[in-house]
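In our numbering, the protein residues as written are 49 to 320. For every residue, glycine included, the Cβ atom is placed at its ideal position computed from N, Cα and C. Being a predicted model, the structure only gives us computed values, none of them experimental. All remarks here apply to the structure that follows.
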């Protein structure tokens, strides 16, 4: 009896997008499942989503705002730093969960076939719920400090999408590598922590020398955080030397990550 081998040929980005769209109902089911698991049997639940950026804001305001005297582009430092923490929290959550998603769904992957990319995609969507609560906290902080909110807030959904794209650009690579090299999940928290200090969360990107801003912009979150501040609270306009490299890096890295993930997914079930 001749075995039947299903081979889709070399991975193509458009084919992956089409396949995800065709199975969008499964994607939503996985996202609802992850959301339910996240808040099931938790003591603080959603309160922790608001408490975490609040405590981080207070610590940063004390250390960087008062003791170090980091400038905040003329804005109240608590609002300035919270405006960086909100998109960063979405990015860090999506990146961490996408990176660990495959090994946490080992039983599902080894039992039935479906596009494996749906698993990291679903975990990133869950981060939008946390983002909404953190964003509400930011609005309250702006009202408390009397910081006017500009019409640019209409661009927040697009910026949230860019955060998820940046997280997936890294998360898909790490998720595929995490299947074979379990060291990834242990090194990831430290890498995320370092990446936060390499992003303009607690300080303005204007502190970076002009001749190095193009290099700083290779960090996808650098341009996104600057644009988020500008759109919401009217901070300085994003420097094109940072914004353009950030957008290009995000799009290129995400495209390559999808191809890499699709190429490696054929061996996930066997390796897990």
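query: Residue 164 (DSSP reduced to helix, strand or coil); result: coil
query: Close beta carbons around residue 214, own chain, < 7 Å, minus the five adjacent residues each side; result: 139, 268, 269, 272, 298
query: Proximity winner among 308, 282, 249, 274, relative to residue 118 (alpha-carbon distances); result: 249
query: Own chain, CB closer than 7 Å to residue 144, minus 5 neighbours either side, in chain order; result: 236, 240
query: Inter-residue Cα distance where the pair is residue 54 and residue 65; result: For residue 54, the predicted model reports a pLDDT of 45, less than 50, meaning its position is unreliable; a value from the coordinates is still stated below. Roughly 19 Å between the two C-alpha positions.
query: The region 78-86 touching the region 170-190, judged by at least three CB pairs closer than 8 Å; result: yes
query: The region 215-226 touching the region 176-193, judged by at least three CB pairs closer than 8 Å; result: no
query: Residue 72 - DSSP class collapsed to helix/strand/coil; result: helix
query: Cα-Cα separation between residue 274 and residue 247, rounded to whole angstroms; result: 10 Å
query: Test item: CB-CB of residue 226 and residue 153 under 8 Å; result: no
query: Straight-line gap, residue 190 to residue 205 (C-alpha atoms, nearest Å); result: 18 Å
query: Burial state of residue 142 (16 or more Cβ within 10 Å); result: buried
query: DSSP-derived helix/strand/coil call for residue 287; result: coil
query: Straight-line Cα distance separating residue 146 from residue 133; result: 19 Å
query: Residue from 311, 174, 279, 114 with nearest C-alpha to residue 77; result: 174
query: Supposed close pair residue 308, residue 131 - CB separation, criterion 8 Å; result: Their Cβ separation, rounded to whole angstroms, is 33 Å, which puts residue 308 and residue 131 out of contact at 8 Å.
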